[in-house]
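Contents: one structure, followed by commentary.
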Ligand code: SAM
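Numbering (my numbering), first residue to last: 1 to 181.
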């Protein structure tokens, strides 16, 4: 098993659900790898991050790939619903910026707030994909909070798939794929 198997799986799922007519959101652009992946599949990508460094890195990567169908927001993902309408899906790759300041990481309070807002506006067949990293302390607490929250979600209204690496040590990452039924 490679360490990035969950990202690989996320990309297979995204490939199956996104087409060139779709608008999608990258809630945590980071170094822009997911933004680039989404921009190649979708009509337009709206990407969010609270760090200026993330926007700079993502802009460079988009230029290198000659992609222009992306709007970058230097904003918390809590503003997605106010800034983007009619999206097919939202992708979260939680945690901290690789090679960046590890103290700036996604937080359970804001992640749950955004998740709750998104579920309230999600349309049938539209999706939220989240890669969760419980391997660091803040990420572990975030994973428990997400788990608690999703237990309270109406299972008749939402399909929630969780994909794990059950035999890997050190609390490996896992994937959540949520769809409105
Ligand atoms: N998708 C990225 C990529 O392909 O490189 C990796 C994302 S990185 C694991 C997580 C990112 O979430 C960090 O860049 C961090 O700044 C960002 N972040 C943390 N809290 C955020 C928030 N409230 N809104 C938007 N981004 C946030």
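No residue lacks a Cβ here, since even glycine has one placed at the ideal position from N, Cα and C.
Provide the residue(s) that pair with residue i in DSSP beta bridges, ordered along the chain.
i           : result
residue 179 : 127, 159
residue 149 : In the DSSP output, where bridge partners are listed per residue, residue 149 has none listed.
residue 174 : 132
Just mark residue i as buried or exposed, buried being the case when its beta carbon has 16 or more other beta carbons within 10 Å.
i           : result
residue 27  : buried
residue 82  : exposed
residue 144 : exposed
residue 15  : exposed
residue 170 : exposed
residue 99  : exposed
residue 176 : buried
residue 102 : exposed
residue 8   : exposed
residue 93  : buried
residue 121 : exposed
residue 187 : Examination of residue 187 is not possible in this model, given that the chain is present from 1 through 181 alone.
residue 21  : exposed
residue 1   : Note that residue 1 scores 37 on pLDDT, short of 50, meaning its location in the model is unreliable; the coordinates nonetheless yield the value given after this. With fewer than 16 other Cβ atoms within 10 Å, it is exposed.
residue 96  : buried
residue 164 : exposed
residue 125 : exposed
Near ligand 1, which residues have their beta-carbon less than 5 Å from any of its heavy atoms, given in chain order? 28, 30, 31, 33, 34, 48, 49, 50, 51, 54, 76, 77, 93, 95, 97, 106, 110
3-residue-minimum beta strand (DSSP E) runs that sit fully inside the region 18–93, ordered along the chain: 23–26, 44–48, 70–73, 89–93
Whole alpha helix (DSSP H) elements within the region 89–145, 4-residue minimum: 108–121
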